[in-house]
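Below you'll find the structure, written out as C-alpha cells, and then a few comments.
In our numbering, the protein residues as written are 45 to 257.
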C-alpha cells in the first residue's frame with residue numbers, strides 16, 4: 045500500500061515543522077552555489093536524519109565517503125558525543141578546501157578528519173579501523189566497490205547509509221545511465237547480502253539503510 049503523495053505543500057509542512065537549519069548551514073549552501081560548486085549536498089531532512097541515526101546507535105566513529113563542501117559532515121559531527129569523530133573522504137581539492145573552512149567556521153575542525161584523494165585508495169589506508177556508521181555519498185558507479193570495502197569496517201549493530209538510491213527515478217527506467225546502473229547494482233547487492241538487513245527509504249532522492257548484523 046502506497047503512502048500519501050508528497051506534494052510541495054506537504055514537504056513545506058514537514059520542513060517548516062521539523063527542520064531548523066542554522067545560519068552556518070544555510071551559508072554553506074549559499075557559498076557552494078556562489079562558487080559554482082554543484083549543489084549536490086544532502087537535503088536538510090537527510091542531514092537531520094543522519095544525525096538522529098548517529099544518536100540512536102550511540103555512534104562515536106563515523107566515515108563519510110564524499111565530502112563536497114561539508115554540509116552533511118557538519119550535521120553528523122554535531123550529533124556525535126564530545127569524543128566522537130568523523131573521517132570524511134573527498135576527491136576534489138577545491139571542495140575539500142571549502143569544507144575545511146566550513147568546519148572551522150562551525151567550530152568542528154577538531155572533530156573532523158578530511159582525507160584528500162580517491163576514496164577507493166583512501167579506504168585501503170583505513171581498512172584496519174572500525175566505524176559505527178558509514179555514509180556513502182560519492183560517485184554512484186562505485187557504490188558496490190565502496191560497500192565491499194567498508195562492510196568489514198563497520199561494527200555489529202552499525203549502519204551503512206547510502207544516498208541517492210532512487211537516482212531521481214532513473215532506477216526503474218529502461219535505459220538507465222551509468223550512475224543509475226551503479227545504484228541498481230548496489231540496491232540489489234545490499235537487499236540480498238546476509239550480513240546486513242537493508243531497506244530503501246524514499247526520503248529526498250532515496251537513502252538505503254543497511255544494518256550490520
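Backbone N, C-alpha and C fix where the C-beta goes; we use that ideal spot for every residue, glycine too.
Helix or strand or just coil, what does DSSP make of residue i?
i	result
residue 129	strand
residue 199	strand
residue 249	coil
residue 210	coil
residue 228	helix
Using a threshold of 8 Å, state whether the C-beta atoms of residue i and residue j are closer than that.
i	j	result
residue 208	residue 250	yes
residue 98	residue 124	yes
residue 108	residue 132	yes
residue 159	residue 178	no
residue 72	residue 114	yes
residue 150	residue 111	no
For residue i, count neighbouring C-beta atoms within 10 Å of its own C-beta (all shown protein chains included) and say buried if the count is 16 or more, exposed if not.
i	result
residue 138	exposed
residue 78	exposed
residue 166	buried
residue 96	exposed
residue 216	exposed
residue 155	buried
residue 232	exposed
residue 62	exposed
residue 218	exposed
Report the option in the options whose CA atom is closest to the CA atom of residue i.
i	options	result
residue 47	247, 59, 183	247
residue 55	90, 206, 176	90
residue 85	52, 161, 64, 180	180
residue 66	52, 122, 256	122
Do we get a CB-CB distance below 8 Å when we pair residue i with the residues of chain C?
i	result
residue 254	Here chain C cannot be found, since the structure has a single protein chain.
The ligand GTP heavy atoms versus the CB of residue i: any closer than 7 Å?
i	result
residue 102	By its list of ligands, the structure shown contains no ligand whatsoever, and the ligand GTP lies outside what it can speak to.
Quick check on the DSSP output: what are the complete alpha helix (DSSP H) runs of length 4 or more inside the region 45 to 82, in order along the chain?
52 to 62, 67 to 78
Complete beta strand (DSSP E) runs within the region 128 to 201 (minimum length 3 residues, chain order):
129 to 134, 156 to 160, 175 to 180
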